[in-house]
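**Student:** The structure follows.
Structure (structure tokens):
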């Protein structure tokens, strides 16, 4: 019985580790976007309170492959345990995903508004916003570097906050 317990625990540990190594060692656009999105989600965490979903409006971003886009959605779904959509503000309203008046979302809307990749591709600067309502939003400029097999935030500046 003890043998099966140890075997199960080892298997569980290995599967959990592999879920996180998908981000670490990921020099792709999805790895970069995940690091930037996590940074903005952790900024002004009061906007996350009781969120029912996360939606990513990536209309302004560099083209992602379908697999990269799915990787980002799945990562956020697993980490934050909410539904994750790829919808614009207007699409969220059409789906009825607001409370009270239309300016108050039941979740957060993330927009990757600008992406600048350095020539050597180990540094990037992104402007990302998080919107919950007219009185609850933030826009940040984040600089990331790819070091030690993962993207890390090296600079973070708030551009606008309401």
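Numbering (the numbering used here), first residue to last: 16 to 177.
All residues carry an ideal CB built from backbone N, CA and C; glycine is no exception.
Since the model is a prediction, treat every value here as computed from it, not as a measurement.
(1) Are residue 44 and residue 79 closer than 7 angstroms when you measure CB to CB?
(2) Indicate whether residue 69 and residue 91 have their beta-carbon atoms separated by less than 7 angstroms.
(3) Grouping DSSP H, G and I as helix and E and B as strand, with all else coil, what is residue 55?
(4) Where does residue 39 fall in DSSP's three states?
(5) Would you list the residues sitting across from residue 165 in a DSSP beta bridge?
(6) Out of 117, 86, 46, 58, which one is the CA nearest neighbour of residue 177?
(7) For residue 139, which three-state DSSP category applies?
(8) Does the segment 107-122 touch the segment 144-156, meaning 3 or more C-beta pairs lie closer than 8 angstroms?
(9) Where do the N-terminal and C-terminal ends of the beta strand (DSSP E) with residue 100 fall, by residue?
(10) Is residue 51 buried or exposed, if buried means 16 or more other CB atoms sit within 10 Å of its CB?
**Tutor:** Concretely, from the data shown:
(1) Using a Cβ distance threshold of 7 angstroms, residue 44 and residue 79 count as a contacting pair.
(2) It is a contact, given that the beta carbons lie within the stated cut-off.
(3) Here residue 55 sits in helix by DSSP.
(4) Its pLDDT being 43, under 50, residue 39 is placed unreliably by the model, and nothing is read from it.
(5) Beta-bridge pairing by DSSP links residue 165 to 162.
(6) Between residue 177 and the set 117, 86, 46, 58, the nearest pair of CA atoms involves 58.
(7) Residue 139: strand per DSSP, three-state reduction.
(8) The segment 144-156, when compared against the segment 107-122, does touch it at the 8 angstroms Cβ threshold.
(9) Run containing residue 100: 98-100, per the beta strand (DSSP E) assignment.
(10) By the 10 Å Cβ count, residue 51 comes out buried.
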